[in-house]
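In my numbering, the protein residues as written are 37 to 649. For each residue, glycine too, the CB sits at the ideal point set by N, CA and C. Since the structure comes first, as structure tokens, the remarks are kept for the end.
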Amino acid sequence: MTSFSHNKTQLDTLPSEILCTIIEYLTIDTARYAYPSRLDQIVLQNVCTEESYITKVSKKHFMSLMLVNQFFHEFVKSIIFTNHYTGKDIIKSGKGSGLWASKTPFVFQSTAIETSYTKLPRTFYEIPDSHNKVLPVTKRLWLGSNTFDYTSLLGDQWHEGIVNSTIEDLVYVVIDMAILNDYCQYNLSLKVPEAVEDCKDLPPQVIDLLKNSSTSVDKKVQIYNQQILFNGLAKLVSNQKDKVTCKIVSRNRALFELSCLLWAFRKEHVLESITTLEVKHSKHDEFTKEFASELENMSSLKRLSFISAHKHNYLLENDIQFLLSAIAKLESLQQLEIDVPEPQNALSFSRGLHTLSASSNFLSGNSSIPLCTYLNHIVQLTWDFQTPALNKEISLSQKMELYRLENLKTLSLRGSVVENNEVMRVFLDMNPQITTLSIEVNPQEFYFFNEMLKGIQNLELLNLRYLHSASYQPNSYHITVVFTHILCRKLPSLKIFSINARPNQINLQTLINDIAYNCAKFTKKLEKIYIYGHIDRSKKDKDPLTLFFTTNALETAAIIAKTFSSGGVILGDFVDYLYLSPQTNALECEYNVRLEIDVQKLKNILNSKRVVR
Numbered sequence: 037m038t039s040f041s042h043n044k045t046q047l048d049t050l051p052s053e054i055l056c057t058i059i060e061y062l063t064i065d066t067a068r069y070a071y072p073s074r075l076d077q078i079v080l081q082n083v084c085t086e087e088s089y090i091t092k093v094s095k096k097h098f099m100s101l102m103l104v105n106q107f108f109h110e111f112v113k114s115i116i117f118t119n120h121y122t123g124k125d126i127i128k129s130g131k132g133s134g135l136w137a138s139k140t141p142f143v144f145q146s147t148a149i150e151t152s153y154t155k156l157p158r159t160f161y162e163i164p165d166s167h168n169k170v171l172p173v174t175k176r177l178w179l180g181s182n183t184f185d186y187t188s189l190l191g192d193q194w195h196e197g198i199v200n201s202t203i204e205d206l207v208y209v210v211i212d213m214a215i216l217n218d219y220c221q222y223n224l225s226l227k228v229p230e231a232v233e234d235c236k237d238l239p240p241q242v243i244d245l246l247k248n249s250s251t252s253v254d255k256k257v258q259i260y261n262q263q264i265l266f267n268g269l270a271k272l273v274s275n276q277k278d279k280v281t282c283k284i285v286s287r288n289r290a291l292f293e294l295s296c297l298l299w300a301f302r303k304e305h306v307l308e309s310i311t312t313l314e315v316k317h318s319k320h321d322e323f324t325k326e327f328a329s330e331l332e333n334m335s336s337l338k339r340l341s342f343i344s345a346h347k348h349n350y351l352l353e354n355d356i357q358f359l360l361s362a363i364a365k366l367e368s369l370q371q372l373e374i375d376v377p378e379p380q381n382a383l384s385f386s387r388g389l390h391t392l393s394a395s396s397n398f399l400s401g402n403s404s405i406p407l408c409t410y411l412n413h414i415v416q417l418t419w420d421f422q423t424p425a426l427n428k429e430i431s432l433s434q435k436m437e438l439y440r441l442e443n444l445k446t447l448s449l450r451g452s453v454v455e456n457n458e459v460m461r462v463f464l465d466m467n468p469q470i471t472t473l474s475i476e477v478n479p480q481e482f483y484f485f486n487e488m489l490k491g492i493q494n495l496e497l498l499n500l501r502y503l504h505s506a507s508y509q510p511n512s513y514h515i516t517v518v519f520t521h522i523l524c525r526k527l528p529s530l531k532i533f534s535i536n537a538r539p540n541q542i543n544l545q546t547l548i549n550d551i552a553y554n555c556a557k558f559t560k561k562l563e564k565i566y567i568y569g570h571i572d573r574s575k576k577d578k579d580p581l582t583l584f585f586t587t588n589a590l591e592t593a594a595i596i597a598k599t600f601s602s603g604g605v606i607l608g609d610f611v612d613y614l615y616l617s618p619q620t621n622a623l624e625c626e627y628n629v630r631l632e633i634d635v636q637k638l639k640n641i642l643n644s645k646r647v648v649r
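Okay, structure coming up:
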């Protein structure tokens, strides 16, 4: 009993930050939808993972922990419950391009690689049926449920346009437009005013719709309900003691609805609180000028994503011009993800815009406007090829100058890259200052890149991400061949080569030979090779090294002994591995282990030992 009391006292005296970290790790290790709490910058920015590592939501409840004693009651209330998620489903962020992973663009620095880890936002905890207890201490609120009781958030008079909420400590709010799914069915008793033109709490587009005789009664009730909710949320943000940062997410919702929400924020003078806006626009939804008008007023917007839900673009030319003109007026914009046709008229985006993720629609090169006239300040570019990027009637030589971007350092290529191999060769020729290149490619298509990679003088980091079709057989292509081709390319500045091996394995003997002979001639500055994979850590007998090599532990030792005939060398002298996330059985963690081959150490060993080839 004494021992138990002593341990309890020790636990109670731990700093809140440490206790919170312990609980986070427990949550990560047991939650079905777990995400790593940290990953290195290469994964986040260049591997182009399809899974979102941006937000974690835990379904674990810690209400029972509050009953242990007063200490844990206050700890759970003031630390855990400050991050509150109202939804029932995990909602992923963005397209997985890594656009939101960091506030700054990725620029390779070999000295910082070892410590370049990103700590992701704190876990949001889903706490159902306890809003009255939790909301008063909430600091970070994620609204993602259409069944949420907004009376607990906005007060019992919010339907009348009066917000008398006691919540005033919010500092971060995420509003997902999914809160509107079937929303009107919960407030059918709320009547629409007869003289809507006299309502100062309604935007012009809503007034026009309510006055339209062809609009059904149910539709009018729904639109009016939504606007009252938008007004209440805007007032909630304006009533907080400290400045609030907001993120708005709209996936396949009407731009009409989004424009109404933005209008409410502008009316309450809190439009500047929105720093992130993610929009996935459905082809079934009409583009509205009202959205573009509200967008151009978002003076504090730093991150904007506007992508199409379908491959074939559906926006009219005037719509595109309205949208791009609005984006050009965003003075604070730093990161942009966009999927619309390229501008036909010269634009001038914010000089602070440093990160761009764009489709081949936007970067097609079919206009006569050089990219440098509006994108010359871009440092990190993700180019998603959905279609051939160049009009075949226009020669490559005519387009060379159009592709020059003086400040570009990091380039990620996705989609149908092979079909645009010639374009990319020209682009790389015109931008020799690029130091980081990431390519998404099918294994069978790698040979198409040989000429494109040859002689990139300043390339310091090269990342390859292999994609595999459903019919792909792992044994049909050996990833070892890739290392041979890369290491014998003339890449004089290459320092880091990274690749995802899953589900392939590497021939260790061939790799050692390539490093011994090809690196000395062609890639003299190569320091590290990073190979990413996934291992089920719940199986204790699994050795991470067997995940990457074609040989088991005994066979690997035999290869080392045979290769270094003078003895005294083990694999651990130049090969190591690192877990990139806490132990978890979640499939969403696409890459959770990294193999690191220290090329410089291996070279030193090769120079000092007698090697048998």
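- Around residue 228, the same chain offers 246, 256, 257, 260 as residues with beta carbons nearer than 7 Å, after the five sequence neighbours per side are excluded.
- For residue 419, the beta-bridge partners assigned by DSSP are 394, 449.
- Less than 9 Å divides the Cβ of residue 353 from the Cβ of residue 380.
- For residue 342, the secondary structure class from DSSP, reduced to helix, strand or coil, is strand.
- Shown here, residue 371 sits in a strand according to DSSP, grouped into three states.
- Taking the Cα positions, residue 110 is about 24 Å away from residue 280.
- Under the criterion of beta carbons closer than 8 Å, residue 635 and residue 542 do not qualify as touching, at roughly 14 Å.
- If you check the CB distance, residue 336 and residue 304 do not come in under 9 Å.
- Scanning its chain for C-beta atoms nearer than 8 Å, with the 5 sequence neighbours on each side dropped, one finds around residue 490 the residues 525, 526, in chain order.
- Here residue 378 carries a coil assignment [DSSP, helix/strand/coil].
- Bridge partners of residue 316 according to DSSP: 287, 343.
- Exposed is the label assigned to residue 51, since fewer than 16 other Cβ atoms lie within 10 Å of its Cβ.
- Residue 557 is classed as exposed because its beta carbon has fewer than 16 other beta carbons within 10 Å across all chains shown.
- A distance below 8 Å between beta-carbons, with the five flanking residues on each side excluded, links residue 460 to the following residues of its chain, in chain order: 449, 453, 488.
- Residue environment for residue 277: exposed (fewer than 16 other C-beta atoms within 10 angstroms of its C-beta).
- Taking C-beta separations shorter than 6 Å and ignoring five residues to either side along the sequence, the partners of residue 554 in its chain run 523, 524, following chain order.
- Beta-bridge partners assigned by DSSP to residue 119: 176.
- With a cutoff of 9 Å on beta-carbon distance, residue 175 and residue 205 are scored as near each other.
- Each of 272, 178, 398, 214 was checked against the Cα of residue 201, and the nearest Cα belongs to 272.
- Cβ-Cβ distances below 6 Å link residue 638 to 551, 610 in the same chain, with the five nearest sequence neighbours on each side left out; the list follows chain order.
- Bounds of any alpha helix (DSSP H) do not take in residue 211; it lies within the beta strand (DSSP E) bounded by 208-212.
- Of the candidates 404, 530, 376, the residue whose Cα lies closest to the Cα of residue 419 is 376.
- The three-state reading of DSSP puts residue 311 in strand, counting E and B together.
- The segment 321-334 makes no contact with the segment 101-108, as fewer than three CB pairs between them are under 8 Å.
- Nearest in C-alpha terms to residue 563, of all of 249, 302, 534, 599, is 534.
- Taking all protein chains shown into account, residue 253 has fewer than 16 neighbouring C-beta atoms within 10 Å of its C-beta and is therefore exposed.
- Going by C-alpha positions, residue 184 is about 55 Å away from residue 486.
- Taking a C-beta distance under 9 Å as the contact criterion, residue 495 and residue 471 qualify as a contact pair.
- Here residue 282 carries a strand assignment [DSSP, helix/strand/coil].
- Residue range 544-553 is occupied by the alpha helix (DSSP H) that includes residue 549.
- Ranked by Cα distance from residue 409, the options 391, 390, 438 are led by 438.
- The three-state secondary structure of residue 474, taken from DSSP, is strand.
- When secondary structure is reduced to three states using DSSP, residue 501 falls in the strand class.
- Remark: C-beta atoms of residue 631 and residue 613 approach each other more closely than 9 Å.
- The straight-line gap separating the alpha-carbon atoms of residue 477 and residue 502 is approximately 5 Å.
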